[in-house]
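Notes follow the structure.
2 protein chains.
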Amino acid sequence: MGRSAVNGQLDLLLLASLGAGEAHGYALIARIHERSGARLELQEGSVYPALHKLEATGCVASRWADDDAGRRRVYTLTRAGETELARRAEEWNGFAAAVRGVLGAAS
Amino acid sequence: MGRSAVNGQLDLLLLASLGAGEAHGYALIARIHERSGARLELQEGSVYPALHKLEATGCVASRWADDDAGRRRVYTLTRAGETELARRAEEWNGFAAAVRGVLGAAS
DNA sequence: GTCCCATACCTAGACAATCTAGGTATGGAT
DNA sequence: ATCCATACCTAGATTGTCTAGGTATGGGAC
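So the sequences go chain by chain: C and W.
Read left to right, the first sequence gives residues 638 to 744 (the working numbering).
Read left to right, the second sequence gives residues 638 to 744 (the working numbering).
Following this line, the structure appears as structure tokens:
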């Protein structure tokens with residue numbers, strides 16, 4: 638895949654970022670860029686469809702914020718989204734541990 | 638994706654497993670299953686094509702072992718494969734750190 | 001002795017996640 | 001008046017992995 642390569646963790650990253658407070662799509666990209674130590678540079682073409690899917694599955698809710706800075710769609714983590722975040726975080730930890738197990742044996 | 642979900646780390650897992658000593662495909666599946674703490678159950682349909690690709694790119698070499706247990710294709714990590722393993726391991730560590738960064742900020 | 005299962009290998013096609021590459025619109029700076 | 005940053009969006013391509021088939025061998029059960 639591309640340069641950033643989120644390897645199936647896009648939803649987790651978005652949910653976790655929204656867990657730190659509501660935000661609009663463009664801000665989420667910046668937030669993830671920062672908190673990943675500039676290692677992850679998500680593309681809009683990845684993020685917006687993912688947010689739409691998360692909304693369709695009830696993990697996030699959105700509203701239009703029509704302030705002076707132009708139109709923005711602000712996303713919030715729902716209760717279901719928090720549950721999903723916890724589930725995916727645990728799944729990630731399990732996977733990371735599994736990879737460490739395989740790598741560790743080699744070194 | 639499926640149940641195991643290696644999330645783009647299949648090559649890394651195979652190279653790392655071969656780093657622990659030459660093996661044939663079926664044994665690699667068992668090796669990864671073990672060392673991942675039974676968390677990863679790779680499928681043959683994933684592993685064999687991946688090994689062929691790794692051989693095509695010069696990361697592994699193979700030979701037919703025709704012992705009493707029937708035909709087996711035994712894979713060995715090449716010098717280039719060791720380099721690639723190191724590169725991918727580092728890449729993985731960077732990615733895992735990036736995800737931790739995003740997750741950590743949420744908790 | 002033949003049936004079945006575990007081992008061992010293989011491939012085509014399906015599927016899903018993400019990226020590429022376009023596009024629109026607004027507001028502020030030059 | 002033009003350009004750039006912000007902000008959102010989508011279709012289609014790409015890619016990695018899985019599903020679901022297939023072949024072949026050897027050993028144990030019956």
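We put the beta carbon where it would ideally sit given N, CA and C, even for glycine.
Exposure label - residue i; buried when at least 16 CB within 10 Å
{"i": "R700(W)", "result": "exposed"}
{"i": "Q680(C)", "result": "exposed"}
{"i": "A687(C)", "result": "buried"}
{"i": "G707(C)", "result": "exposed"}
{"i": "A726(C)", "result": "buried"}
{"i": "R724(C)", "result": "exposed"}
{"i": "R716(C)", "result": "exposed"}
{"i": "M638(W)", "result": "A caution first: M638(W) carries a pLDDT of 49, below 50, which makes its placement in the model unreliable, though a value can still be read off. With fewer than 16 Cβ atoms within 10 Å of its Cβ, M638(W) is classed as exposed."}
{"i": "G718(W)", "result": "buried"}
{"i": "E721(C)", "result": "buried"}
{"i": "E728(W)", "result": "exposed"}
Residue i at chain W interface by Cβ criterion, 8 Å
{"i": "L740(C)", "result": "yes"}
{"i": "R676(C)", "result": "yes"}
{"i": "W729(C)", "result": "yes"}
{"i": "L665(C)", "result": "no"}
{"i": "G707(C)", "result": "no"}
{"i": "L650(C)", "result": "yes"}
Check whether residue i and residue j have beta carbons under 8 Å apart
{"i": "V697(W)", "j": "A653(C)", "result": "no"}
{"i": "L754(W)", "j": "L714(W)", "result": "This structure cannot speak to residue 754(W), because chain W is shown only from 638 to 744."}
{"i": "G674(C)", "j": "A735(W)", "result": "yes"}
{"i": "Y712(W)", "j": "H661(W)", "result": "yes"}
{"i": "G731(C)", "j": "R668(W)", "result": "no"}
{"i": "N644(W)", "j": "G741(C)", "result": "no"}
{"i": "L691(C)", "j": "L651(C)", "result": "yes"}
Chain W contact residues for residue i, given Cβ-Cβ distances below 8 Å
{"i": "Q680(C)", "result": "What Q680(C) touches in chain W: nothing, since even the nearest Cβ is about 15 Å away."}
Contact list for residue i against chain W, beta-carbon separation under 7 Å
{"i": "L688(C)", "result": "Within 7 Å Cβ-Cβ: nothing; L688(C) doesn't reach chain W, min ~16 Å."}
Neighbouring residues, chain C, relative to residue i (Cβ below 7 Å)
{"i": "S673(W)", "result": "A735, G738 and V739"}
Below-8 Å beta-carbon distance, residue i vs any chain C residue
{"i": "S683(W)", "result": "no"}
Proximal chain C residues relative to residue i, where beta-carbon distance stays under 8 Å
{"i": "G645(W)", "result": "M638, A642, N644 and G645"}
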